[in-house]
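Engineer: After the structure tokens below, expect a handful of questions from me.
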Amino acid sequence: MSDITFIVFGATGHLARTKLIPAIARTVGAKDIRDFAFIGVGSSPRSDDVLRTKVGDALADADVASDLRDRVLAAPIRYVSASIDGFDDLEHTVDQVEREAGLSGNRLIYLAVPPSQLDATVRGISSTTVAKSDGWVRLVVEKPFGVDLATARHSNAIIHETFDESQVYRIDHFLGKETVRNLLVFRFTNSLFEQTWNRNHIASVEITVAEESGVDGRAGYFDESGTVRDMVQNHLTQILTLIAMEPPVKMDAASIHQEKVKVLNSARPITSDDAILGQYGAAVIDGEQVVGYRDEPGVSDESTTPTFAAVRVSIDNWRWNGVPFYLRTGKRMSARMSQIAVRYHRPPVCLFHAEGECEGHQNILKLRLQPDEGFELFFDVKQPGPGTEIGRIPLAVRYDDLVNEAPDAYETLLTDVVEGDQTLFVRSDEVEAAWELYAPLLDRTDIHTYPAGTDGPEHADDLLVGFDTWSNVRRTFSR
Ligand SMILES: NC(=O)c1ccc[n+]([C@@H]2O[C@H](COP(=O)([O-])OP(=O)(O)OC[C@H]3O[C@@H](n4cnc5c(N)ncnc54)[C@H](OP(=O)(O)O)[C@@H]3O)[C@@H](O)[C@H]2O)c1
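Throughout, our numbering is defined as the position within the sequence shown, counted from one, plus 10.
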């Protein structure tokens with residue numbers, strides 16, 4: 011594998027410490043990259059040694075193998091502060107490090123800076139020769155990409171002044187999760203599902219990302235974004251497009267992006283009836299008092315930022331017409347759980363009854379992202395013994411049973427960047443189409459309060475009216 015210069019903006023931040031630095035080390039190990047350098051950029055002045063210590067701490071915290079840790083710490087590690095002269099310093103440092111280490115100028119530039127700093131950072135890079143090299147140059151951009159359609163368009167325009175779209179990797183780490191990567195294989199290699207993956211057989215699709223935690227000290231960031239911007243527009247929508255897209259002509263990035271954009275362009279405009287937004291209030295959870303969102307440090311006591319969203323998306327195309335896609339996500343829910351539930355129609359006639367009720371259930375395919383990545387297919391069988399009592403059993407696969415340890419999503423995606431594979435990244439028109447879809451929800455102030463530690467506002471069940479296919483959040487969580 012050729013050599014790489016990793017240039018990480020936000021190298022001293024939370025993401026770098028918990029995910030990015032360990033992922034870089036593991037990618038270096040997995041791809042056997044012998045020659046590399048790590049140049050970290052932050053907003054404050056620091057020495058190279060401070061950054062080296064932070065890198066060492068991040069690798070130790072992530073239990074990176076000691077030989078790999080030593081290899082990373084033996085590589086050139088340099089720190090640059092993004093001050094007024096920061097970008098001149100950066101240019102000088104990159105040139106110097108590559109010359110001294112004999113690197114050929116393959117540059118992986120990772121932007122893990124606060125969203126408000128994105129445009130200025132790209133402009134700063136563009137003012138230097140950092141993006142011009144004899145080797146390849148790839149730009150990875152963290153989510154959220156913009157705060158609405160206008161800002162996303164603006165950031166795309168600034169990026170495209172210097173970088174071709176083929177160099178840009180808009181990252182959404184959900185796309186690096188095994189279950190999500192598996193979606194394409196699952197759908198397009200199993201004829202059982204290929205033939206039934208449409209409105210004739212599927213009644214509804216639910217995508218749920220529930221967090222038990224609150225804002226976890228990130229109130230400043232979260233209060234400006236809220237759950238529609240932070241979760242729905244990116245993570246949940248990316249999953250939706252992979253579930254709903256048509257088979258691509260080829261398994262390459264361009265063909266897949268093409269199909270994903272078509273899904274977003276087929277989505278019916280969202281109206282106020284299609285979404286319920288909520289905000290957690292105070293509650294006692296496991297005997298401990300938990301403050302409401304507006305009482306979190308750093309949050310205004312009049313904040314209307316949603317911490318919960320339930321959204322119904324309708325895809326008006328031949329495959330999905332009439333099949334609701336329900337997206338649900340929230341903080342301070344009763345459990346931490348991310349899953350996709352694909353509900354099949356019941357058979358046309360029910361033949362098995364108990365006490366006047368139909369005993370049959372819908373078949374449900376559940377793809378679980380966390381905890382316990384894997385999938386389950388639920389179907390009805392006769393309980394052994396006399397009579398015809400019907401039981402519901404899952405065919406289940408846990409990834410932990412298949413591999414010792416599935417790679418972290420960041421490691422998977424970073425490897426794709428190193429290999430120049432854009433398949434699991436978000437193209438500029440995709441990100442813009444997603445912002446356009448959710449525009450009606452971005453400024454909504456009708457927010458329903460729900461007690462922390464529950465399953466969201468009771469009101470969320472109102473979305474179900476007219477559909478017998480939605481199981482409410484409570485039932486889904488406990489199943
Ligand atoms: N944390 C996560 O788990 C997570 C998950 C998904 C996405 N993200 C995204 O990743 C990005 C970073 O998040 P974070 O949690 O790591 O934030 P953070 O802990 O606040 O760290 C921000 C980092 O950016 C640096 N920085 C700030 N302004 C800069 C500038 N103008 N030029 C260069 N560096 C600058 C900071 O340097 P100083 O230390 O010197 O201030 C720090 O290293 C955000 O876009 C966030 O949405 C984070």
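C-beta: ideal position from N, C-alpha, C; glycine also.
(1) Looking only at C-alpha atoms, which of 272, 354, 279, 344 sits nearest to residue 328?
(2) Which full runs of the beta strand (DSSP E) of 3+ residues lie inside the segment 236 to 286, going along the chain?
(3) Starting from residue 438, trace the alpha helix (DSSP H) both ways and give me its first and last residue.
(4) Closest to residue 39 by CA distance: which of 74, 53, 405, 442 is it?
(5) Would you give the residue range spanned by the alpha helix (DSSP H) that residue 120 belongs to?
(6) Quick one: is residue 480 buried, meaning 16 or more other Cβ sit within 10 Å of its Cβ, or exposed?
(7) Could you tell me which residues DSSP pairs with residue 312 in its beta bridges?
(8) Could you tell me which residues DSSP pairs with residue 367 in its beta bridges?
(9) Go ahead and label residue 353 buried or exposed: buried means 16 or more other beta carbons lie within 10 angstroms of its beta carbon, across all protein chains shown.
(10) Using a Cβ-Cβ cutoff of less than 6 angstroms, which residues in the same chain neighbour residue 382 once the five nearest sequence positions on both sides are dropped?
(11) How big is the Cα-Cα spacing for residue 77 and residue 321?
(12) Applying the 10 Å Cβ sphere with the 16-neighbour rule, what's the burial state of residue 8?
(13) Could you tell me which whole alpha helix (DSSP H) segments of length 4 or greater appear in the segment 377 to 417?
(14) If we call anything under 8 angstroms between Cβ atoms a contact, is residue 342 one with residue 315?
(15) Would you kindly check if the distance between the Cβ of residue 52 and the Cβ of residue 84 is under 8 angstroms?
(16) According to the Cβ coordinates, are residue 448 and residue 242 closer than 8 angstroms?
(17) Grab me the residues of residue 66's own chain with a C-beta within less than 8 angstroms of its C-beta, minus the 5 sequence neighbours each way, in chain order.
(18) May I ask whether a heavy atom of ligand 1 can be found less than 7 angstroms away from the beta carbon of residue 19?
(19) So if DSSP puts residue 214 in a beta bridge, which residue, or which two residues, is it bridged to?
(20) Determine, using beta carbons only, whether residue 239 and residue 452 come nearer to each other than 8 angstroms.
(21) Hey, is residue 246 close to ligand 1, as in C-beta under 7 angstroms from one of its heavy atoms?
(22) Kindly give me the distance between the Cβ atoms of residue 400 and residue 362, rounded to whole angstroms, as I take these residues to be in contact under 8 angstroms.
(23) Cβ of residue 150 within 7 angstroms of any heavy atom in ligand 1?
(24) Does the structure place the segment 147 to 167 close enough to the segment 109 to 125 that three or more beta carbon pairs sit under 8 angstroms?
(25) If you pair each beta-carbon of the segment 251 to 263 with each one of the segment 378 to 398, do three or more pairs fall below 8 angstroms?
(26) Considering Cα atoms alone, identify which of 418, 195, 427, 458 is closest to residue 29.
(27) Are three or more beta carbon pairs between the segment 181 to 192 and the segment 421 to 432 nearer than 8 angstroms?
(28) For residue 109 versus residue 140, is the C-beta spacing smaller than 8 angstroms?
(29) For residue 319, report the span of its beta strand (DSSP E) as first-last.
(30) State whether the segment 206 to 223 contacts the segment 332 to 341, with contact taken as three or more CB pairs (one from each stretch) at a distance under 8 angstroms.
(31) Look up residue 179 in the DSSP assignment and give the residues it is bridged to.
(32) Excluding the 5 residues preceding and the 5 following residue 275 in the sequence, name in chain order all residues of the same chain whose CB lies nearer than 7 angstroms to its CB.
(33) Counting only the same chain and skipping the five closest in sequence on each side, list residues whose C-beta sits under 7 angstroms from that of residue 236.
(34) Could you tell me the distance, in whole angstroms, from the CA atom of residue 131 to the CA atom of residue 149?
(35) Looking at the secondary structure, which residues open and close the alpha helix (DSSP H) in which residue 65 lies?
Structural biologist: To lay it out plainly:
(1) Of 272, 354, 279, 344, the residue nearest in Cα terms is 272.
(2) Scanning the segment 236 to 286 from its first residue to its last, no whole beta strand (DSSP E) run of 3-plus residues comes out.
(3) Looking at the DSSP string, the run of the alpha helix (DSSP H) that includes residue 438 is 438 to 452.
(4) Comparing alpha carbon positions, the residue from 74, 53, 405, 442 closest to residue 39 is 74.
(5) Residue 120 -> not in any alpha helix (DSSP H); beta strand (DSSP E) instead, spanning 117 to 121.
(6) With a pLDDT of 39 at residue 480, under the threshold of 50, the modelled position of that residue is not reliable, and no figure is offered here.
(7) The secondary-structure analysis by DSSP pairs residue 312 with nothing; it has no beta-bridge partner.
(8) Beta-bridge partners of residue 367 (DSSP): 364.
(9) Answer is buried; the Cβ neighbour count reaches 16.
(10) Taken in chain order, the residues that qualify are 408.
(11) Residue 77 and residue 321 have their C-alpha atoms spaced approximately 47 angstroms apart.
(12) The structure shown does not extend to residue 8, since the chain is modelled only from 11 through 489, so no value can be given for it.
(13) Secondary structure within the segment 377 to 417: the alpha helix (DSSP H) runs of 4 or more consecutive residues, fully enclosed, are 409 to 412 (chain order).
(14) No, these two residues do not count as a Cβ contact at 8 angstroms.
(15) No, the pair does not count as a contact, with Cβ atoms beyond the cut-off.
(16) The answer is yes: Cβ separation under 8 angstroms.
(17) For residue 66, where only same-chain residues beyond five positions count, the Cβ hits under 8 angstroms are 79, 83.
(18) Ligand 1 approaches residue 19 closely enough that one of its heavy atoms is under 7 angstroms from the residue's Cβ.
(19) DSSP links residue 214 through a beta bridge to 353.
(20) Closer than 8 angstroms, so yes.
(21) Taking 7 angstroms as the cut-off, one finds no heavy atom of ligand 1 near enough to the beta carbon of residue 246.
(22) Here residue 400 really is in contact with residue 362; their C-beta atoms are around 6 angstroms apart, less than 8 angstroms.
(23) Because no heavy atom of ligand 1 lies under 7 angstroms away, the Cβ of residue 150 does not count as near it: no.
(24) These segments touch.
(25) Under the 8 angstroms Cβ criterion, the segment 251 to 263 does not count as touching the segment 378 to 398, having fewer than three qualifying pairs.
(26) Its Cα nearest to that of residue 29, the residue 418 stands out among 418, 195, 427, 458.
(27) Yes: the two stretches touch, three or more of their Cβ pairs being nearer than 8 angstroms.
(28) 8 angstroms or more divides the Cβ of residue 109 from the Cβ of residue 140.
(29) Taken as a continuous stretch (DSSP letters only), the beta strand (DSSP E) holding residue 319 covers 318 to 324.
(30) Verdict: yes, contact present.
(31) Under DSSP, residue 179 forms a beta bridge with 150.
(32) Take residue 275, set aside five residues on each side of it, and the residues of its chain with a beta-carbon closer than 7 angstroms to its own are 443, in chain order.
(33) Counting only Cβ-Cβ distances below 7 angstroms, and skipping sequence neighbours, we find 315, 316.
(34) So the two alpha carbons sit approximately 12 angstroms from each other.
(35) Residue range 58 to 71 is occupied by the alpha helix (DSSP H) that includes residue 65.
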